Each structure stands twice: as C-alpha cells, then as structure tokens.
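In terms of this note's numbering, the sequence shown is residues 1 to 197. All C-beta atoms, glycine included, are put in the ideal place defined by N, C-alpha and C. All values derive from a computational prediction rather than experimental measurement. A short write-up of the structure that comes next.
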Amino acid sequence: PIPDQNYYLSSMTLVIGGTTHGKVNLLFPLPILELEGLLAIDEPQVEESVTQAGTQTDNNAPAQPEQERGGSSERIPLDILIIGDDAETASTITSTVTEMGLRVKTLSFKDNIHDYIPGELKAIYLVMSDVNEQGFGTAIKISASCATLPLIAAGPAWTRSKVIKAVKYGVRDILLTPASSDDIKENINNNLLDLAA
1 PIPDQNYYLS SMTLVIGGTT HGKVNLLFPL PILELEGLLA IDEPQVEESV TQAGTQTDNN
61 APAQPEQERG GSSERIPLDI LIIGDDAETA STITSTVTEM GLRVKTLSFK DNIHDYIPGE
121 LKAIYLVMSD VNEQGFGTAI KISASCATLP LIAAGPAWTR SKVIKAVKYG VRDILLTPAS
181 SDDIKENINN NLLDLAA
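Written out as structure tokens, the structure is:
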C-alpha cells in the first residue's frame, strides 16, 4: 500500500541493446520534488486575475505572472530564464544576454518557475553560488516541465560526481563560474545553435 496523496509519475521505455523491454514507471510524492505548488492554483482566482489584466483565457491556461503583464493583452515573451542564488553571476549573464538582443528574466530558487516555463524560452540557466542539492532539485523540476529545453548549470568547483549528477537530472551544459562575458556569449551561442539544429 502507498499513502493516499498526490504523486508525480515519470514514465519511460526501457531499451537495452536495441530491444524494447517494456515501460518503467517511477512514482514520486510531490513534496520530494517540491511540486506541491502545482496543486495550489485556485481556478476562480486565476480567472479573476487574468480578467483584471484585460485578457481572456480558458480554465486550463495558467495565469500570467504579474511581472510579465503589460498594457497589452499578450504575455511578454522571454528568451532566457535565469534561476538561482548567485546574484553576481546572474547579473553578468543578464547584461550579456541583453547586449545580445535577447529578453531575459531572473528568478530565485523560491520563485514559482512554472509561471514561466516552457513558454517561448530558448534556454534556462541554473545559477548556483554552490553546486548543491537545492540546485539539483530545481533541475529536476525544470526537466520535468520542459525536457527538450537546454538547461545550463552555472557554478563553481565542479567535480566529476557533481557533473554526472547534473547530467542525470537533466542539465545539458555546464558553465564554470566566475565566467567572463565572452564565456557566457560562447555558451549561449552554442546552446541556441544546438536548439536550432
């Protein structure tokens, strides 16, 4: 028996040596992945807040974040989303991205990332002052929401085990910090080219 609570289901097909061996289903309680916020959406409140912003929506569409609402009825599209706790690196990435003509938004680990993903994003940067479990937990949440989007982890002191763990949790590329503006531009170009291909 399992407790009567909400779960996140991850399902995949097991293929070994080119032979399909069925499906593997993994069931995680929502608190482990910190996804309880998905259940906290009160549809009447969502409808009311969207109507006040002058937009129309159906009951399945998420409310637009307050920061992204403008005078028009359209949500401001973003190219790059930066999530993390390293304000200095986030600021360097933000200024570099802005110089490249891309639209960027910075969030902390405590913000609700599901208001912004997947949207029209081209990449997500996970910026950590220390490469740790909090960052990896956020990587899991991002990968669960948009597995095809490039997720780049930026942080200092990467070890082999941390790199393996990051890749396991959906990180596609790693940016060693502190990083120069040129390093960031090269990283962005490489990942956006990969996305276009």
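Out of the options, state which residue places its alpha-carbon closest to the alpha-carbon of residue i.
i           : options               : result
residue 170 : 107, 185 and 153      : 153
residue 124 : 100, 22, 93 and 99    : 93
residue 127 : 104, 162, 87 and 157  : 87
residue 151 : 159, 166, 161 and 158 : 166
residue 183 : 147, 21, 96 and 25    : 96
Put residue i into one of helix, strand or coil per three-state DSSP.
i           : result
residue 22  : strand
residue 145 : helix
residue 2   : coil
residue 74  : Low confidence applies to residue 74: its pLDDT is 44, below 50, so where it sits in the model is not reliable, and the reading given next is rough at best. Three-state result, residue 74: coil.
residue 83  : strand
residue 180 : coil
residue 188 : helix
residue 139 : helix
residue 117 : coil
residue 133 : helix
DSSP has residue i in a bridge; who is on the other side?
i           : result
residue 173 : 152
residue 28  : 8
The beta strand (DSSP E) spanning residue i covers which residue range?
i           : result
residue 106 : 104–107
residue 11  : 7–16
To the nearest whole angstrom, what separates the beta carbons of residue i and residue j, a pair I think is in contact under 8 Å?
i           : j           : result
residue 117 : residue 81  : 7 Å
residue 142 : residue 188 : Incorrect: roughly 17 Å between the Cβ atoms, too far for contact.
Which first and last residues belong to the alpha helix (DSSP H) in which residue i is found?
i           : result
residue 97  : 87–99
residue 123 : No alpha helix (DSSP H) holds residue 123; the beta strand (DSSP E) holding it covers 123–127.
residue 164 : 160–168
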